[in-house]
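The sequence shown begins at 1 in UniProt numbering and counts up by one. By construction, the Cβ of each residue, glycine as well, lies at the ideal position given by its N, Cα and C atoms. These notes are about the structure you will find just below.
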Amino acid sequence: MTRRTIVFQGEPGANSHIACRDVYPDHEAVPCATFEDAFAALQNGEADLGMIPIENSVAGRVADIHHLMPTSGLTIVGEFFLPLSHQLMVTKGASLATVKTVESHVMALGQCRNIIRKLGLKAVVGADTAGSARLVAEARDEARAAIASRLAAEIYGLDIIAENIEDEAHNTTRFVILAKDGEWAPANNGPTVTTFVFRVRNVPAALYKAMGGFATNGVNMTKLESYQLDGEFFATQFYADVDGHPDDPALKLALEELSFFSKEVRILGVYPAHPYRIALRA
Numbered sequence: 001m002t003r004r005t006i007v008f009q010g011e012p013g014a015n016s017h018i019a020c021r022d023v024y025p026d027h028e029a030v031p032c033a034t035f036e037d038a039f040a041a042l043q044n045g046e047a048d049l050g051m052i053p054i055e056n057s058v059a060g061r062v063a064d065i066h067h068l069m070p071t072s073g074l075t076i077v078g079e080f081f082l083p084l085s086h087q088l089m090v091t092k093g094a095s096l097a098t099v100k101t102v103e104s105h106v107m108a109l110g111q112c113r114n115i116i117r118k119l120g121l122k123a124v125v126g127a128d129t130a131g132s133a134r135l136v137a138e139a140r141d142e143a144r145a146a147i148a149s150r151l152a153a154e155i156y157g158l159d160i161i162a163e164n165i166e167d168e169a170h171n172t173t174r175f176v177i178l179a180k181d182g183e184w185a186p187a188n189n190g191p192t193v194t195t196f197v198f199r200v201r202n203v204p205a206a207l208y209k210a211m212g213g214f215a216t217n218g219v220n221m222t223k224l225e226s227y228q229l230d231g232e233f234f235a236t237q238f239y240a241d242v243d244g245h246p247d248d249p250a251l252k253l254a255l256e257e258l259s260f261f262s263k264e265v266r267i268l269g270v271y272p273a274h275p276y277r278i279a280l281r282a
């Protein structure tokens, strides 16, 4: 029997790789150089699932995903929250005294600003955390360090010289799990999240009116973000997460009202709420 596959952006040892192993240990985790490559593997049927980071509690949203996902034709079938723990790692023989630069993914660098400033290191943006670890290992340069996971340090034979260096203890990344022909989670089967994008009509107070249905029907909106389309300042698309299922009477009414004031409403996924999300509200 062919083993099912799950793609992630980055190299072996990336946080996305860890998320794949945690959620789907029975799947083969396949690295992709870019998010575009990961999406293409799903669209072409080369992979069964994708583990894609969408936001971080410290550094904010992963901007590329909001542009890729709405037009991808893929469906969000799940979510996963991964508490992150970043490590500062170097090649054999290096130490805090020899290190001058530190490289990692821009999000990881942003999550470790305090120690980078404290040590007086020059931050170098890399394609991803694990790839930066690999490059440091290959260079064998005692002046270079990387910020990555413990798994990356093990894979690439690096020494960890500072542990758990993230600025905030709550540092957590939320991932969405994508599939080509994913189905909606069934209604009335536990806490559910619905993700959608929409564009409002060009009329006064359109966004205010579009959002009114969620308030009047008691629907909890957990995320609302805007971004420009095609480089135009006035072509704004909104990305939203709400609690509930489209078949729930309250959310059904709210979406109907949203549609009335919108040019387009597209549901990207209806999926079970992760236990981490539920625990935060307890």
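Sequence ranges, beta strand (DSSP E) only - wholly within the region 69-123, length at least 3: 75-83, 87-90 and 101-105
Bridge partners - Met221, DSSP secondary structure assignment: If you number the sequence shown from 1, residue 221 lands on position 221. Partner(s): Val242.
When His17, Gly13, Asn15 and Glu79 are compared against Thr241, the one with the closest alpha-carbon: As a position in the sequence shown, residue 241 is number 241, starting the count at 1. The sequence as given places Asp at residue 241; Thr does not occur at that position. Checking every option, the nearest Cα to that of Asp241 belongs to Glu79.
Arg134 in three-state terms, based on DSSP: For the purposes of this step, residue 134 is identified with residue 134 of the sequence shown, where counting begins at 1. In this structure, Arg134 counts as helix in the three-state DSSP scheme.
Check whether Asn15 and Leu84 have beta carbons under 8 angstroms apart: For this step, residue 15 is matched to residue 15 along the sequence shown. For this step, residue 84 is matched to residue 84 along the sequence shown. Their beta carbons are under 8 angstroms apart, which means Asn15 touches Leu84 by this criterion.
Exposure label - Phe196; buried when at least 16 CB within 10 Å: Sequence index remark: in the sequence shown, residue 196 carries index 196 (1-based). Buried, since its Cβ has 16 or more Cβ neighbours within 10 Å.
Stretch pair the region 169-180 + the region 118-127: three plus CB contacts closer than 8 angstroms: no
Burial state of Asn56 (16 or more Cβ within 10 Å): Looking up residue 56 in the sequence shown gives position 56. Asn56 should be labelled buried.
Heavy atom of the ligand SAM within 7 angstroms of Ser149 beta-carbon: This structure lacks the ligand SAM; in fact it carries no ligand of any kind.
Beta-carbon proximity of Arg150 to Gln111, cut-off 8 angstroms: If you number the sequence shown from 1, residue 150 lands on position 150. If you number the sequence shown from 1, residue 111 lands on position 111. Cβ distance not < 8 angstroms, so Arg150 and Gln111 don't count as in contact.
Residue environment, Asp48, which counts as buried when at least 16 other CB atoms sit within 10 Å: Mapped onto the sequence shown, residue 48 falls at position 48. With 16 or more Cβ atoms within 10 Å of its Cβ, Asp48 is classed as buried.
Proximity of Met51 and Cys20 at Cβ, strictly below 8 angstroms: Within the sequence shown, numbered from 1, the residue matching residue 51 stands at position 51. Within the sequence shown, numbered from 1, the residue matching residue 20 stands at position 20. Taking 8 angstroms as the Cβ cut-off, Met51 and Cys20 qualify as a contacting pair.
Beta-bridge pairing of Ser226 - partner residues as DSSP gives them: As a position in the sequence shown, residue 226 is number 226, starting the count at 1. Bridge partners of Ser226: Phe238.
Cβ separation of Thr173 and Pro272, assumed to be a contact under 8 angstroms, to the nearest whole Å: Position 173 of the sequence shown, counted from the first residue, corresponds to residue 173. Position 272 of the sequence shown, counted from the first residue, corresponds to residue 272. Going by Cβ atoms, the distance from Thr173 to Pro272 rounds to 18 angstroms, so no, they are not a contact pair.
Span of the beta strand (DSSP E), counted from its first residue to its last, around Tyr271: Start at 1 with the first residue of the sequence shown, and residue 271 comes out as number 271. Taken as a continuous stretch (DSSP letters only), the beta strand (DSSP E) holding Tyr271 covers Ser262 to Pro272.
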